[in-house]
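Worksheet: one structure, shown below.
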Amino acid sequence: MSNAIKYSPPYTTIEIACVTGSNNAHVTVKDEGMGIRLQDQAKFFDRFYQVEGQETSP
Numbered sequence: 001m002s003n004a005i006k007y008s009p010p011y012t013t014i015e016i017a018c019v020t021g022s023n024n025a026h027v028t029v030k031d032e033g034m035g036i037r038l039q040d041q042a043k044f045f046d047r048f049y050q051v052e053g054q055e056t057s058p
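Residue 54 in UniProt numbering sits at position 54 of the sequence shown, with consecutive numbering throughout.
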């Protein structure tokens, strides 16, 4: 959620949804930011990975 806030344009919508099961929860965050390039998506869950050329603060 913090990245959605950090990298979305000002005054845009950020949607947060949660669906619960008997033993789990599925949370989704949808924003209007620039997105992640296809070649960077494979490393999305690598710890400390940052996309090159992206700002680290708004």
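Think of the CB as a built atom: it goes at the ideal place given N, C-alpha and C, for glycine as much as any other residue.
Please report how far the alpha carbon of residue i lies from the alpha carbon of residue j, in whole angstroms.
i	j	result
residue 32	residue 14	7 Å
residue 36	residue 22	32 Å
residue 18	residue 8	21 Å
residue 30	residue 47	21 Å
residue 50	residue 28	20 Å
residue 24	residue 45	19 Å
residue 26	residue 4	17 Å
List the residues that DSSP assigns as beta-bridge partners of residue i.
i	result
residue 111	Look at the range of the chain in this structure, 1 to 58, and you will see that residue 111 is not part of it.
If you follow the alpha helix (DSSP H) that residue i is in, where does it begin and where does it stop?
i	result
residue 41	38 to 41
residue 2	2 to 7
Could you give the C-beta distance for residue i and residue j, rounded to a whole number, given that I count them as a contact under 8 Å?
i	j	result
residue 1	residue 16	7 Å
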